Each structure stands twice: as structure tokens, then as C-alpha cells.
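Below is one structure; the comments refer to it alone.
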Amino acid sequence: MTLHLSAAQFQQIRRHAEGTYPEECCGLLLGTLQPDLKTMVSEVWPVQNAWDASLVSEYGLPDPSTAPHSRGDRYWVDPKDLLKAQRYGREQQIDVVGIYHSHPDHPPKPSECDRQMAWPRYSYLILSVQKGDVCDFSSWTLDEQHQFQLDPLIIQDGIDIPEPFEIPLA
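The opening position of the sequence shown corresponds to residue 2 in the numbering used here, with each subsequent residue numbered one higher.
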């Protein structure tokens, strides 16, 4: 699927990612899924990263004693935030079509935890934030084998990004 969003929406997401560094940011993408496999974003819905170590046992994630995690390398969208976005979307005749989050000091590639927690048909926009600045980003969806596939990303207002885009580090 091709993810479409406006330059203003992307800048909103970028500011969120840079503002929460060194923790992961997260948020929802609201819009429509088009029959021609386009995900059209009409609104960005930032949420607070609700990751907590108690989620590990609650959702059967890998044992934290072998690999402790924090908001610096995990994110969680609180189900209450998701429900609010879904209700708002119904009122606006749009749906939750994706999730964005950041990877502080790591590339914008899905982790195994990202894969385990992902839902089909959603677009997953991941931003790499290095030393507080977004330097790379990419969009992904799950295939039928529950594996992530890289998707084209089109930022409206004239910027077409078919592959992961790298901003040179200073």
C-alpha cells in the first residue's frame, strides 16, 4: 500500500518525534483506505507513549529480565486513546488507517516487537531520530505471512518518496 500524507502532517509527526526524544513517540493516522491500495491520511492523532513494563506479562511479550525495555525502545498506544480516535473517526467518516512511531538512535525498520504487535491493513510510519533530529523514515505494512513489507510513501505538496529517504547527518 502507498501511504499518502501532506507535508504539514509529516511536519507535525516529525515535531512529535523530535519533541519526545530520547523516548519513542507514537500516534495514529486517520483517513481512508482506497480501493487502489492507497492509504490517504486526513488527520494525525498524536498520543502519549503508554508503554509500561507490566504490558510484557499482560500481552505475553519476551521476558523483561532478559531484555529490559522502556519508552526509549518501546511504544504502546493506550486502548482508551485508540477508542477516542475511532469514535472521532466515525463522526468524521474516516478510520484509523495506521500508526506512526519513532526509533530513537535506531533505523526506521520494524523491530520484532513491532511485528508481533502490528495489525494487518494498517500503515506503519517509522521515523529514525538521531541525537534529537529525524534523519530517516519509512512506511510498512504486514503481508499475509505477518511480515513487514516496505511501502512507498508520498508526501503531498510535491514530494514523492518511493523508498526510504535519508537526510544527511551534519
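Idealized CB from N, CA, C, for every residue including glycine. In this text the structure is predicted, and so the values were computed from the model without any measurement.
Any idea which residues DSSP pairs S129 with across the strands?
Residue mapping note: residue 129 aligns to position 128 of the sequence shown, counting from 1. For S129, which the question treats as bridged, DSSP gives the partners H104 and D137.
Once you ignore the five residues that flank L31 on each side, which residues in its own chain have a CB closer than 8 Å to its CB?
As a working note, residue 31 is residue 30 in the sequence shown. Excluding positions up to five away in sequence, the list reads V42, S43, E44, V45, W46, A86, Y89, G90, Q93, I95, D96, V97 and V98.
Just to confirm my understanding: we take D134, look at its own chain, exclude 5 residues before and 5 after, and list those with CB closer than 7 Å. What are they?
Locating residue 134 in the sequence shown gives position 133, counting from the first residue. Answer for D134: E19, listed in chain order.
Indicate whether Y76 and H107 have their beta-carbon atoms separated by less than 8 Å.
Numbered from 1 along the sequence shown, position 75 holds the residue referred to as residue 76. Numbered from 1 along the sequence shown, position 106 holds the residue referred to as residue 107. The answer is no: Cβ separation not under 8 Å.
Helix, strand or coil for I95 per DSSP?
Locating residue 95 in the sequence shown gives position 94, counting from the first residue. Three-state DSSP puts I95 in coil, outside helix and strand.
With a Cβ-Cβ cutoff of 8 Å, do S129 and L4 count as a contact?
Along the sequence shown, one-based indexing puts residue 129 at 128. Along the sequence shown, one-based indexing puts residue 4 at 3. No, the pair does not count as a contact, with Cβ atoms beyond the cut-off.
If we ignore side chains and look at the alpha-carbon of each, how far apart do A51 and R16 end up?
If you number the sequence shown from 1, residue 51 lands on position 50. If you number the sequence shown from 1, residue 16 lands on position 15. If you take the alpha carbons of A51 and R16, they lie about 19 Å apart.
With respect to the alpha helix (DSSP H) encompassing M118, which residues constitute its N-terminal and C-terminal limits?
Position 117 of the sequence shown, counted from the start, is the residue given in the question as residue 118. Start and end: E113 to M118.
For P109, does the count of other Cβ atoms within 10 angstroms reach 16, so buried, or fall short, so exposed?
To locate residue 109, count along the sequence shown from 1; it is residue 108. It counts as buried.
Taking only the alpha-carbon atoms, compute the straight-line gap between E24 and L83 and give it to the nearest angstrom.
Taking the first residue of the sequence shown as 1, we reach residue 24 at position 23. Taking the first residue of the sequence shown as 1, we reach residue 83 at position 82. Going from the Cα of E24 to the Cα of L83 covers about 20 Å.
Could you tell me whether any Cβ in chain C is nearer than 8 Å to the Cβ of D152?
Annotation note: the requested chain C is absent from the structure, which comprises a single protein chain.
With DSSP as the reference, label Q150 as helix, strand or coil.
On the sequence shown, residue 150 is found 149 positions in, with the first residue counted as 1. Strand.
Would you identify the three-state DSSP class for I155, choosing helix, strand or coil?
The sequence position of residue 155 within the sequence shown is 154, counting from 1. Of the three classes helix, strand and coil, the one that applies to I155 here is strand, per DSSP.
Taking D115 as the reference, which of E145, K132 and F149 has the closest Cα?
What you label residue 115 is simply residue 114 of the sequence shown in a count that begins at 1. Answer by Cα proximity: F149.
By a C-beta neighbour count over all protein chains shown, 10 Å radius and 16 as the cutoff for buried, is W141 buried or exposed?
Your numbering for residue 141 matches position 140 in the sequence shown. Under this definition W141 is a buried residue.
Just to confirm, is the Cβ distance from M2 to T40 under 8 Å?
Position 1 of the sequence shown holds residue 2. Position 39 of the sequence shown holds residue 40. For M2 and T40, yes; Cβs fall inside 8 Å.
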